[in-house]
Structure formats: C-alpha cells, structure tokens
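In order, the protein sequence lines correspond to chains A and B.
Under the working numbering, the first residue of the first sequence is numbered 3, with each subsequent residue one higher.
Under the working numbering, the first residue of the second sequence is numbered 3, with each subsequent residue one higher.
First up is the structure itself, then whatever we jot down about it.
2 protein chains.
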Amino acid sequence: MTRSVIQDFVTSDHDHDSCIDAALARAEAVCRARGERLTPQRRQVLELVWRSHRPVKAYDLLERLSSGGRRAAPPTVYRALEFLREAGLVHRLESLNAFIGCPRPDMRHSAQFLICTRCGAVAEMDDASLTAKIDANARRLGFKVDDEKIEVNGTCRECRERDAAS
Amino acid sequence: MTRSVIQDFVTSDHDHDSCIDAALARAEAVCRARGERLTPQRRQVLELVWRSHRPVKAYDLLERLSSGGRRAAPPTVYRALEFLREAGLVHRLESLNAFIGCPRPDMRHSAQFLICTRCGAVAEMDDASLTAKIDANARRLGFKVDDEKIEVNGTCRECRERDAAS
DNA sequence: GGTAAGTGCGTGATACTATAACAAGCTTCC
DNA sequence: GGAAGCTTGTTATAGTATCACGCACTTACC
Numbered sequence: 003m004t005r006s007v008i009q010d011f012v013t014s015d016h017d018h019d020s021c022i023d024a025a026l027a028r029a030e031a032v033c034r035a036r037g038e039r040l041t042p043q044r045r046q047v048l049e050l051v052w053r054s055h056r057p058v059k060a061y062d063l064l065e066r067l068s069s070g071g072r073r074a075a076p077p078t079v080y081r082a083l084e085f086l087r088e089a090g091l092v093h094r095l096e097s098l099n100a101f102i103g104c105p106r107p108d109m110r111h112s113a114q115f116l117i118c119t120r121c122g123a124v125a126e127m128d129d130a131s132l133t134a135k136i137d138a139n140a141r142r143l144g145f146k147v148d149d150e151k152i153e154v155n156g157t158c159r160e161c162r163e164r165d166a167a168s
Numbered sequence: 003m004t005r006s007v008i009q010d011f012v013t014s015d016h017d018h019d020s021c022i023d024a025a026l027a028r029a030e031a032v033c034r035a036r037g038e039r040l041t042p043q044r045r046q047v048l049e050l051v052w053r054s055h056r057p058v059k060a061y062d063l064l065e066r067l068s069s070g071g072r073r074a075a076p077p078t079v080y081r082a083l084e085f086l087r088e089a090g091l092v093h094r095l096e097s098l099n100a101f102i103g104c105p106r107p108d109m110r111h112s113a114q115f116l117i118c119t120r121c122g123a124v125a126e127m128d129d130a131s132l133t134a135k136i137d138a139n140a141r142r143l144g145f146k147v148d149d150e151k152i153e154v155n156g157t158c159r160e161c162r163e164r165d166a167a168s
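In structure tokens, the structure reads:
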C-alpha cells in the first residue's frame with residue numbers, strides 16, 4: 003500500500019507560522035518554474051488561504067483583503083484564486099464553494115479530499131491507484147480523463163471521539 | 003472486473019420517451035417504498051430533468067416550469083430537487099451546479115461521473131472497488147465516510163473521434 | 001527615446017445560484 | 001370537524017461568480 007496522505011487532519015501542536023512560510027516559499031518556486039509572477043496581490047491571497055487549514059470562501063478572503071482601508075472587489079480575489087488554482091497552489095472544493103491551499107503544488111496529483119462535516123476540517127490524499135482505476139474504467143468507455151476530483155464527506159477521528167465521549 | 007457502468011454516454015438511436023417513462027415509474031416505486039409522495043410538482047421537475055441525459059441547471063428548470071402562464075419562484079424548483087436528491091432520484095454535479103437523473107435510484111451507490119468538457123455529456127459509473135478503496139484510505143486516518151462524490155472531466159469517445167476526423 | 005503588445009489590476013455593473021421567512025392550502029388521522 | 005404535519009406560494013435577500021472597460025506597468029523591439 004502506497005503512502006497516500008498529502009495533508010493529514012491538522013493537530014493543535016502544529017507550527018503554523020512556519021507552515022505558511024513554507025507554503026509561500028513553495029509558491030515562489032512554482033511560479034518561477036512556470037515563468038509566472040507571484041505578485042504581491044496573489045501572494046497575499048495565498049497567505050490568507052493558508053492562515054488556516056480549512057476551506058476558505060472567496061468572499062471571506064475578500065473581506066480580509068479589504069480590511070486595510072479601501073475595499074477590494076470580487077474580481078480581485080477571483081482572479082488571484084484562478085491564477086493560484088492553475089498553478090496548482092490551491093484547490094477548489096466544489097461541494098463547499100471554497101478553496102484550500104495545496105501542500106504539494108510541485109507534484110501533479112489528482113485531488114482527493116476527506117471533509118469532516120462536523121468540524122469542517124479537510125485532509126488531502128493522493129492514492130495513485132485510485133486514479134489509475136478511474137482511468138481504466140473511463141478508458142473502457144472510450145473516455146479520456148483530463149482530471150478528476152474526489153470529495154468525501156464524513157466524520158474525522160477527533161469529532162468521532164468527542165461524540166463518543168459525550 | 004465488475005460491471006461498473008450505470009449510465010453510459012447516450013447514443014442517438016436511443017428511445018428517449020420510454021426512457022423518461024421508465025424513470026418516472028422507478029420514481030413512483032421509490033417514493034412508495036419510502037412512504038413519501040411524488041406530487042405533481044415533483045414529478046414534473048423530475049420529468050424535466052429527464053428530458054435530456056445532460057446536466058440541467060436549476061434556473062433552466064425554473065424557466066420551463068414557468069412556461070405555462072404564471073411564473074414559478076426559485077424555492078419551488080429547489081425544494082423539488084432537494085426532495086428528489088434525498089430520494090436518490092437525481093444527483094447534483096457539484097462542479098457544474100447542475101442536476102442529472104439517476105438511472106438506478108433503487109440501488110444505493112456512490113456517485114461517479116464522467117463529464118465530457120467538449121459536449122457536456124455525462125456517464126455515471128459505480129465501481130464498488132473504488133468506493134472500498136476510498137473507505138480503506140479514510141479509515142487509516144480514523145475518518146468515517148458518509149458519502150463520496152467523484153467527478154471526472156475529460157473527453158468522450160464521440161468528441162475525440164470528431165476531433166480526430168477534422 | 002518611442003511605441004506596440006502583453007499582463008495585472010481597479011471599478012461598476014450584472015449574472016447566476018441558493019436560501020430565509022412567513023403565509024396559505026392540502027392530507028391524514030383521530 | 002379540527003389538529004398536526006406536510007406541501008406549496010411569495011417576497012425578499014444572501015451568497016457566488018463573471019463581464020466589460022480602462023488605466024498602469026512591464027517588456028521587447030525598433
């Protein structure tokens with residue numbers, strides 16, 4: 003069994019500042035490699051996305067962007083998010099209309115998310131054998147896969163233990 | 003390899019009238035079994051969904067509902083869709099904000115869709131071994147799965163052949 | 001230096017998707 | 001008949017996303 007966890011559910015002892023720094027450093031590298039510019043605006047949006055390991059809504063980002071005096075308009079944040087998504091730096095969670103930072107933008111992978119419907123936490127996985135299986139199923143119908151998205155709803159360990167205790 | 007195709011891409015020689023009739027008959031049966039009412043309103047929405055094998059938008063349904071004189075309001079169609087979804091009669095395609103009829107409402111299954119980004123056609127699959135694999139991966143993180151959704155973008159056979167010919 | 005092309009961003013308007021809240025009608029069951 | 005619960009109508013509003021236009025800045029080329 004391959005190791006498939008890209009980002010586990012985050013525990014409280016986790017050093018978040020360095021985690022954000024690392025994400026931004028990875029982003030710089032990815033953009034440089036792609037010959038694209040991580041402008042201050044894009045960088046700020048990515049940093050806001052990484053402030054939590056939770057899915058973030060576009061309009062929440064917008065509010066946080068606006069806090070410094072003048073207010074930002076929706077296209078500002080959507081443009082930045084689109085750029086980041088194309089670069090593989092953030093994923094969009096379709097079932098939540100929300101965005102989350104990708105911890106492995108360097109590595110092409112399909113998106114597989116476990117979403118806790120109790121607490122909203124998200125874990126990202128990449129099981130290549132799943133992808134392979136989907137590909138094989140599709141091929142039998144003559145379908146050529148570009149990309150796939152898997153979103154799994156359920157309950158994370160912490161929430162289940164909390165529920166059991168009560 | 004188990005047979006996993008629930009609804010293949012639809013070809014032009016397909017008898018669509020009887021296909022709608024069959025869907026409505028299945029719906030009656032499902033609702034009866036659940037002790038719920040397939041009211042005329044819900045039935046009409048389901049029929050509109052089944053008029054094509056394509057994903058349908060809520061507001062398109064709304065327009066078609068309204069055509070007969072008085073205009074329907076959004077909650078009308080959203081309520082019907084929610085009812086149908088809970089009964090397993092329609093699926094929501096998260097990445098498209100659209101709905102599509104489920105050909106196997108009687109059988110509980112996870113939703114796995116192939117979506118052709120060229121022509122918009124959709125096929126539905128249910129590979130139980132995929133579901134099992136996702137379950138196993140989740141379990142290793144202590145995550146309990148309620149339901150999962152797989153949406154695969156790509157190109158269907160027909161569109162690829164058309165492209166190749168040109 | 002001048003300028004044309006490309007990119008990024010500000011801004012206002014608007015489109016699209018979905019739900020809240022409350023009232024009224026219909027069914028069922030006693 | 002009347003209470004309870006489900007179904008629908010209606011108005012308003014919340015939430016999500018894009019269009020279209022113009023300006024500023026950079027880069028490349030002459």
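We treat Cβ as the ideally placed atom computed from N, Cα and C, and that holds for glycine.
A direct Cα-Cα distance of roughly 15 angstroms separates A:Gly103 from A:Gly122. Under the Cβ distance rule, B:Cys158 counts among the residues neighbouring chain A, one pair being separated by less than 9 angstroms. Contact between B:Lys151 and B:Asn99 is absent: CB atoms are separated by about 14 angstroms, not below the 8 angstroms threshold. A:Val154 has A:Leu116, B:Glu150 as its beta-bridge partners, per DSSP.
For A:Val154, the neighbours in chain B by C-beta distance under 7 angstroms run, in chain order, Ile136, Ala140, Val147, Glu150. Taking 9 angstroms as the CB threshold, B:Asp15 stays off the interface with chain A. B:Cys118 has a beta carbon lying within less than 9 angstroms of a beta carbon in chain A. Within chain A, the residues whose beta carbon sits less than 9 angstroms from that of B:Met127 are Ile136, Asn139, Ala140, Leu143, listed in sequence order.
The stretch 155-164 of chain A and the stretch 110-118 of chain A touch, with no fewer than 3 CB-CB distances between them shorter than 8 angstroms.
DSSP, read as helix, strand or coil, puts B:Arg94 in strand.
A:Val7 reaches chain B at Asn139, Arg142, Leu143, counting residues in chain order whose Cβ is nearer than 9 angstroms. In this model, A:Ala75 and A:Ala29 are separated by some 24 angstroms (Cα to Cα). Contact check for A:Val124 against A:Phe11 passes: the beta carbons are separated by less than 9 angstroms. The straight-line gap separating the alpha-carbon atoms of A:Ser112 and B:Thr41 is approximately 41 angstroms. The continuous beta strand (DSSP E) containing B:Val124 extends over residues 124-127. Taking the CA atoms as reference points, B:Leu67 sits about 19 angstroms from B:Arg94. B:Glu126 is a Cβ neighbour of B:Pro105, given a cutoff of 9 angstroms. Residue burial is scored here from C-beta neighbours: B:Arg164 has fewer than 16 other C-beta atoms within 10 angstroms and is therefore classed as exposed.
In this chain, the alpha helix (DSSP H) harbouring B:Ala130 covers 130-142.
Across the structure, B:Ala130 and A:Phe85 are spaced so that their CA atoms are roughly 36 angstroms apart. Nearest Cα to B:Glu38 within the set B:Ala138, B:Glu88, B:Asp149: B:Glu88.
Burial is judged here by how many other beta carbons sit within 10 angstroms of a residue's own beta carbon; A:Arg53 has fewer than 16 and is exposed. The beta carbon of A:His55 sits closer than 6 angstroms to the beta carbons of Val12 from its chain, once the five residues preceding and following it are set aside; these are given in chain order. For A:Ser131, a Cβ of chain B is located within less than 9 angstroms of the residue's own Cβ. Taking a C-beta distance under 9 angstroms as the contact criterion, B:Val154 and A:Asp128 do not qualify as a contact pair. Neighbours of A:Ser97 across chain B, judged by C-beta separation under 8 angstroms: Glu96, Lys151.
Annotation: Cβ neighbours of B:Asp10 in chain A (cutoff 7 angstroms, chain order): Leu143. Under the three-state reduction of DSSP, B:Phe145 is assigned to coil, being neither helix nor strand.
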